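First to last, the protein sequences are chains A and B. Letter 42 of the first sequence, counting from 1, is numbered 42 in the numbering used here, and no numbers are missing. So the mapping is simple: the numbering used here equals the position in the second sequence, first residue as 1, plus 155. We treat Cβ as the ideally placed atom computed from N, Cα and C, and that holds for glycine. Since we're looking at a predicted model, the values are computed, not measured. Here the structure is laid out as structure tokens; the discussion comes afterwards.
2 protein chains.
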Amino acid sequence: MDDETRLIYFRFFNEIGILSQLSRAAMEARLPDGLMLPHFSVLNHLTRVRDGQTPNTLARAFQVPKTTMTHTLTGLVKHGLVEMRPNPKDGRSKRVWLTEPGRRFRVEAIRALDPNFQRLAAAIPPDQVAALLPALAEIRAFLDADRDRDDDAED
Amino acid sequence: MDDETRLIYFRFFNEIGILSQLSRAAMEARLPDGLMLPHFSVLNHLTRVRDGQTPNTLARAFQVPKTTMTHTLTGLVKHGLVEMRPNPKDGRSKRVWLTEPGRRFRVEAIRALDPNFQRLAAAIPPDQVAALLPALAEIRAFLDADRDRDDDAED
DNA sequence: TCCACTTAGTGCGATTTCGTATTATATAGT
DNA sequence: ACTATATAATACGAAATCGCACTAAGTGGA
């Protein structure tokens, strides 16, 4: 792989990392005490995909250890934003369900970003951002499918 | 702000977050024991911008508390990848300098990603990624400049 | 100069994240 | 049915991250 090509990919992920850092900070500044971005992200995932998933599925989806997901879910339960019920099909596992406050919390958290989005919109119109989405989704889908191979290709 | 516009921006940052998560995991899988992504990121920042910066400047650049940067720098010093020297212009502060092993480590860490980049290149050619860079950089620059206003506009 | 105020770095305790080991349940082979 | 193996969740301890408070040093005004 030539230097120029490597630099293109590296700079891309560099930009991604910085953008993520900046948006994470902006988002967490809007969240109430005791709730972090992972809490919101789980609510968002349960809404976008579907609720009733197991903690293990969520841990794999977020690329975090199971113990971390247990901790995050404990916090969400404590705040009444999700419910854990036993999985009738598997006595070992549980299933995670959104509560009404959980759904409401997610919607309000997104709406709370409007001031940020409005300032951004003044500099970068929605069309320009929308134009990036297909390519980003494509790269994301590839990495998502590719991640398992990382282990196999270690040596 | 209408729902459609909000959704565009939200989905954009959603993709950014997932991409960051996936690439972070892939990157950390390549790093040796005892060194995390923040360690690499600081080395990269010192290389790209310039070394000799103060810990406080780095903490602000990375949007982390000063104590976190102290911790990260302590680890880098322990591994001999950076040096801390007193700041002759300000007795309170220090300056962080890259060492030769630090520079080498960064280059090797980037090169270690080649297998990942090569697999990605087979699905998403460099041109397509390069085409995204200007827009991403523009959005990143805006957020970077905008982040201070978050506090002011809280209420 | 002196004194109040600000700033850079760090010590300390709390929370989050993570790796390992453990328990309970499911699955497969006999 | 029984045993060995695999899997889901968690308990536990280590490391990372963070907020608060403290010390040392710089800044500005009387």
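Given a cut-off of 8 Å, decide if residue j and residue i are closer than it, judged by their beta-carbon atoms.
i      : j      : result
A/D15  : B/L231 : Checking the sequence shown, residue 15 of chain A turns out to be Glu, not Asp. No, Cβ-Cβ distance for A/E15 and B/L231 is not below 8 Å.
A/L46  : A/L113 : no
B/F165 : A/I110 : yes
B/A278 : A/F142 : yes
A/Q21  : B/Q218 : yes
B/A285 : A/I18  : no
B/R302 : A/A121 : no
A/L37  : A/L81  : no
A/L132 : A/H79  : no
A/M1   : B/F272 : yes
Closest to residue i by CA distance: which of the options is it?
i      : options                           : result
B/P270 : B/R185, B/D282, B/V197 and B/P193 : B/R185
B/F260 : B/I173, B/T212, B/L162 and B/H194 : B/H194
A/R24  : B/L236, B/A276 and B/F167         : B/F167
B/S196 : B/V262, B/P281 and B/R274         : B/V262
A/R50  : A/L132, A/R103 and A/D2           : A/R103
B/K244 : B/P256, B/Q208, B/H234 and B/L236 : B/Q208
A/D3   : B/P289, B/D157 and B/P281         : B/P281
Are any of the Cβ atoms in chain A nearer than 8 Å to that of residue i?
i      : result
B/Q273 : yes
B/L190 : no
B/A267 : no
B/F260 : no
B/D245 : no
So that I know if they touch, is there some Cβ in chain B lying closer than 8 Å to that of residue i?
i      : result
A/T47  : no
A/A59  : no
A/T5   : yes
A/F40  : no
A/G17  : yes
A/A109 : no
A/P126 : yes
A/L143 : yes
A/F13  : yes
A/Q21  : yes
A/Q53  : no
A/E28  : no
A/L31  : no
A/L43  : no
To which residues does DSSP link residue i through a beta bridge?
i      : result
A/D90  : A/N87
B/V237 : B/L253
B/Q208 : B/V251
With a threshold of 7 Å, establish whether the CB of residue i neighbours any heavy atom of the ligand SAM.
i      : result
B/P210 : Of the ligands one can find in the structure shown there are none, so the ligand SAM has no counterpart to examine.
Query - Cβ contact (3+ pairs, closer than 8 Å) linking the stretch 208–218 of chain B and the stretch 238–251 of chain B - result: Pairwise C-beta distances place the stretch 208–218 of chain B in contact with the stretch 238–251 of chain B, as three or more of them are shorter than 8 Å.
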